[in-house]
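Take the sequence shown: its letter number 118 is residue 108 in this note's numbering, and every next letter is one higher. We put the CB at the ideal spot given by N, CA and C, even for glycine. As the structure is a computational prediction, the values presented were derived from the model and not from experiment. These notes are about the structure you will find just below.
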Amino acid sequence: MATFPITFRSDSASIHDEHQRLLMALSELASALEAMGPSSLSVDPLGAGRVRRSAGRLQDLLPSHFRHEETVLFDAVAPVSPELTEFARQMRREHGQFTARLTEFVAAVARLESGDGGGRSFAGVKEEGELLSHDIAAHIALEEQQLDGFL
Ligand SMILES: [Fe+2]
Ligand SMILES: [Fe+2]
């Protein structure tokens, strides 16, 4: 039988608020990527700097959000049903993948900014940034949908 701590309601509301802040940071990253212009042109270091700062903002927000979600939300809802157990497992796995991808992405952008592509093309880095922000937004949307009633 699942037990929900007394603070569950306020904790889950704050997770919902964190999702809103993350969505704003993702939208800023998407704008920064867009503002870099077509990847057929050369990299503008100022534009790459904006992308790096936007991704850095996500790096500031994500670790505490993931930790919060895993300890407060997933640990409480996972025992409710086998489906929620599996869902929590999948979300945890994705957290690890996003953290690794974001670290890699920020490093690649920093190399572009300094004029050293490090073997990654502008197009490749831009595409990964777009894909990563899409994937994180989809992850958040899925959590909000699956955990509707808890958040
Ligand atoms: Fe999550
Ligand atoms: Fe989340």
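(message) On the DSSP letters alone, give me the boundaries of the alpha helix (DSSP H) that residue 54 sits inside.
(response) 35 to 58
(message) For the alpha helix (DSSP H) containing residue 17, name the first residue and the last one.
(response) -2 to 25
(request) Run the proximity test for residue 60: is its beta-carbon closer than 7 Å to any non-hydrogen atom belonging to ligand 2? (result) no
(message) Less than 7 Å between C-beta atoms, sequence neighbours within five positions excluded: which residues of the same chain meet that for residue 33?
(response) 102 and 112
(request) Please confirm whether residue 98 and residue 115 have their CB atoms less than 8 Å apart. (result) yes
(message) Let me check understanding here. Comparing Cα to Cα, which of 94, 106, 19 and 62 lies closest to residue -3?
(response) 62
(message) Assess contact between the stretch 16 to 30 and the stretch 81 to 98, defined as three or more Cβ pairs (one per stretch) separated by less than 8 Å. Is contact present?
(response) no
(request) Could you please give the first and the last residue of the uninterrupted alpha helix (DSSP H) stretch that includes residue 64? (result) Residue 64 -> no alpha helix (DSSP H), and no H or E assigned at all.
(request) Determine the closest residue to residue 139 out of 94, 95, 70 and 129, with distance taken between C-alpha atoms. (result) 70
(request) Over the uninterrupted alpha helix (DSSP H) stretch that includes residue 121, give me the two end residues. (result) 112 to 136
(message) Quick check: residue 6 and residue 121, are their CB atoms within less than 8 Å of each other?
(response) no
(message) For residue 49, tell me which candidate among 133, -6, 106 and 89 has the shortest Cα-Cα distance.
(response) 89
(request) Could you please give the first and the last residue of the uninterrupted alpha helix (DSSP H) stretch that includes residue 72? (result) 72 to 103
(message) Does the distance between the C-beta of residue -4 and the nearest non-hydrogen atom of ligand 2 fall short of 7 Å?
(response) no
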